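Take the position in the sequence shown, starting the count at 1, then add 2; the result is the number in my numbering.
Where a beta carbon is used, it is the ideal one built from N, C-alpha and C, also for glycine.
Since this is a predicted model, take the numbers as computed values, not measurements.
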Amino acid sequence: MSAAADALTDDQRFMALALALGRRGLGRTWPNPAVGAVIVRADGQVPAIVGRGWTQPGGRPHAEVEGLRRAGEAARGATLYVTLEPCSHYGKSPPCADAIIAAGVARVVSALEDPNPAVAGAGHARLRAAGLAVEVGVGAEEARRDHAGHIRRMRDGRPHVILKLAISADGKAGAAGRRPAPITGEAARDRVHLMRAQSDAIMIGIGTALADDPMLTCRLSGMAAYSPVRIVLDSALRLPLGSRLVHSAREVPLWVVAGMQAPRPLEEALLEQGVEVLRTDGACGGRLDLAAVLKLIAARGITRLMVEGGPTLAAAFVAADLVDEADLFQSAKIVGPGGIDALEGLPLTALTQSQRLKRVMSAQVGADRQDVFERR
3 MSAAADALTD DQRFMALALA LGRRGLGRTW PNPAVGAVIV RADGQVPAIV
53 GRGWTQPGGR PHAEVEGLRR AGEAARGATL YVTLEPCSHY GKSPPCADAI
103 IAAGVARVVS ALEDPNPAVA GAGHARLRAA GLAVEVGVGA EEARRDHAGH
153 IRRMRDGRPH VILKLAISAD GKAGAAGRRP APITGEAARD RVHLMRAQSD
203 AIMIGIGTAL ADDPMLTCRL SGMAAYSPVR IVLDSALRLP LGSRLVHSAR
253 EVPLWVVAGM QAPRPLEEAL LEQGVEVLRT DGACGGRLDL AAVLKLIAAR
303 GITRLMVEGG PTLAAAFVAA DLVDEADLFQ SAKIVGPGGI DALEGLPLTA
353 LTQSQRLKRV MSAQVGADRQ DVFERR
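What follows is the structure, given as structure tokens:
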């Protein structure tokens, strides 16, 4: 194998590690992207990792700074692998590009240019101007998937939307009378809780909140602290003060999005319980405008949004072409003709055969099947 091929193999391998490290921060770093970084020396025949970093909770320190701190003097003359272009501007911390230059790093392998207008190639340019070798594009496809929330927020001013559906073999999401029904098994439910942990926020409609009285937390062992912000779309502020969501609002953030005409006394009662009430003037016919809601929560830093229920909200996101990823968990159970359709007023094929979405994965999860669709 040639030296060039060896180098490419090493670059791919170390970038894969950086991507895996970056995913540790998913759901925990917003509004910043969850970046991973690996610092490697090649003094001998076998390259040696001397530093690893990933964006810390709350978005700081950045992955590059964390990796350089761990590497110390060993970073001098080394190669830095990073899943997104190092920042070049002063925000709440100095530019990562300056820290990389000061540490004496000789080469930077970056997966993607940052779409943030404050960076947008300036980080790479600053590194090259300082004499560092910079290569961009290794691991780009996977990095685009991992940084989809940051990219969507920068380019479109909204979060990356992940729609989760649990359906029976006959395409139902609940029992007759809009009663909740256990559909998928334990393995699928664990997968969903992991998805929650990797999301900045989880959203339901007021209908699901009233029918199910859910908690919407991450219930995997030891991961309660990874629970996302919980968002309820409630145009008229009907969420009961006695609901489990409201009772837990001081432990896990709860945002309720209401219309401008919702009664002020109801808002004040929710505020007293620790709930944040957001208002939007995009309501029409008693329903909130989803595009306006997404822009509202993106402005507050949300980059990855998981939409979990119910059928009315799911159908509204599909109809509005606001689904970027759909995770469909299907069981072998039959609910029957009286059950609730997975998409209110729409056939399931509006999602599974959409020209806007393509199936990218199908896998068995316990007794159930998970199909993943992504925006084309």
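Review point. Taking buried to mean at least 16 other C-beta atoms within 10 Å of its own C-beta, is Ala36 buried or exposed?
Key: Classification for Ala36: buried.
Practice item. Find out if the Cβ-Cβ distance for the pair His64, Cys89 is shorter than 8 Å. Key: Against a cut-off of 8 Å, the Cβ pair of Cys89 and His64 comes out as a contact.
Point to revise | Coil, strand or helix - Leu290 by DSSP | key: The answer is coil: DSSP assigns Leu290 none of H, G, I, E or B.
Review point. Ends of the alpha helix (DSSP H) at His162?
Key: Note, His162: premise wrong, no alpha helix (DSSP H); beta strand (DSSP E) at His162 to Ile169.
Review point. Taking C-beta to C-beta, are Lys174 and Ile342 nearer than 8 Å?
Key: Contact check for Lys174 against Ile342 passes: the beta carbons are separated by less than 8 Å.
**Study point:** Per-residue burial, Ile336 [other beta carbons within 10 Å of its own, 16 or more giving buried]
**Key:** By the beta-carbon neighbour count (other beta carbons within 10 angstroms, threshold 16), Ile336 is exposed.
Review point. Counting pairs of Cβ atoms below 8 Å between the region 103-121 and the region 137-150, do you hit three or more?
Key: As far as the Cβ criterion goes, the region 103-121 touches the region 137-150, which means the pair count is three or higher.
Exercise for review: To the nearest angstrom, report how far apart Met3 and Thr11 are at their CA atoms.
Suggested key: Any reading at Met3 must be qualified, since the residue scores a pLDDT of 45, below 50, and its modelled position is unreliable; no value is offered.
**Study point:** Stretch-stretch touch, CB-based, cutoff 8 Å, three pairs: the region 316-323 with the region 346-356
**Key:** Touching, per the Cβ criterion.
Check your understanding: Is Leu280 near Leu298, with beta carbons less than 8 Å apart?
Key -> Result yes, Cβ atoms of Leu280 and Leu298 sit closer than 8 Å.
Check your understanding: With respect to the beta strand (DSSP E) encompassing Gly311, which residues constitute its N-terminal and C-terminal limits?
Key -> Element bounds for Gly311: Arg306 to Gly311.
Review point. What is the rounded straight-line gap between the Cα of Pro230 and the Cα of Ala80?
Key: Per the coordinates, the alpha-carbon of Pro230 lies some 37 Å from the alpha-carbon of Ala80.
Check your understanding: Could you check where the beta strand (DSSP E) with Met205 kicks off and where it finishes?
Key -> Ala203 to Gly207 is the span of the beta strand (DSSP E), which, as asked, contains Met205.
Exercise for review: Quick one: give me the first and last residue of the beta strand (DSSP E) that Arg43 is part of.
Suggested key: Where Arg43 is concerned, the enclosing beta strand (DSSP E) stretches over Gly38 to Arg43.
Review point. Which residues share a DSSP beta bridge with Ser112?
Key: Paired residues: Val84 and Val138.
Exercise for review: With a floor of 3 residues, list each beta strand (DSSP E) that falls wholly inside the region 227-270, ordered by position along the chain.
Suggested key: Secondary structure within the region 227-270: the beta strand (DSSP E) runs of 3 or more consecutive residues, fully enclosed, are 231-235 and 256-261 (chain order).
Check your understanding: Do you know offhand how far Asp370's Cα is from Ala99's?
Key -> Distance between the alpha carbons of Asp370 and Ala99 is about 46 Å.
Review point. Excluding five sequence neighbours on each side, which residues of the same chain lie with their C-beta closer than 6 Å to the C-beta of Arg147?
Key: So no residue of the chain qualifies.
**Study point:** Span of the alpha helix (DSSP H) around Met197
**Key:** Secondary structure note for Met197: its alpha helix (DSSP H) is the uninterrupted segment Glu188 to Ala199.
Review point. Are three or more beta carbon pairs between the region 48-56 and the region 68-79 nearer than 8 Å?
Key: A contact exists between the region 48-56 and the region 68-79.
Check your understanding: With a Cβ-Cβ cutoff of 8 Å, do Gly187 and Gly368 count as a contact?
Key -> Between Gly187 and Gly368, the C-beta gap is smaller than 8 Å, which places the two residues in contact.
Point to revise | Classification of Met363 by the beta-carbon crowding that lies within 10 angstroms, buried from 16 upward | key: With fewer than 16 Cβ atoms within 10 Å of its Cβ, Met363 is classed as exposed.
Review point. Roughly how many angstroms separate the alpha carbons of Lys360 and Arg378, rounded to a whole number?
Key: Going by the C-alpha atoms only, they are around 6 Å apart.
Practice item. For Ser201, count neighbouring C-beta atoms within 10 Å of its own C-beta (all shown protein chains included) and say buried if the count is 16 or more, exposed if not. Key: Here Ser201 is buried: its Cβ has 16 or more other Cβ atoms, across all protein chains shown, within 10 Å.
Point to revise | Val48 - DSSP class collapsed to helix/strand/coil | key: DSSP places Val48 in coil when its eight states are reduced to three.
**Study point:** Beta-ladder partner(s) of Phe331, from DSSP
**Key:** In the DSSP assignment, Phe331 forms a beta bridge with Ala168 and Gln372.
**Study point:** Alpha carbon of Thr85 to alpha carbon of Trp257, nearest angstrom
**Key:** Each residue's Cα considered, the two are about 31 Å apart.
Exercise for review: State the Cα-Cα distance for the pair Ile185 and Val248, rounded to the nearest angstrom.
Suggested key: Cα to Cα, the separation comes out at about 26 Å.
Check your understanding: Within 10 angstroms of its Cβ, does Met17 collect 16 or more other Cβ (buried), or is it exposed?
Key -> That one is buried.
Check your understanding: If Val309 sits next to Val194, beta carbons under 8 Å apart, how far is it from one beta carbon to the other, in whole angstroms?
Key -> Contact doesn't hold; Cβ gap of about 12 Å is too wide.
Point to revise | Cβ-Cβ distance between Ala211 and Pro182 below 8 Å | key: No, Cβ-Cβ distance for Ala211 and Pro182 is not below 8 Å.
Review point. How big is the Cα-Cα spacing for Ala226 and Gly46?
Key: Between the C-alpha atoms of Ala226 and Gly46 there is a straight-line separation of about 44 Å.
Review point. Going straight from the alpha carbon of Ala321 to that of Pro339, what length do you get?
Key: Cα-Cα distance, rounded: 23 Å.
Review point. Is the Cβ-Cβ distance between Leu235 and Val254 less than 8 Å?
Key: Their beta carbons are not under 8 Å apart, which means Leu235 does not touch Val254 by this criterion.
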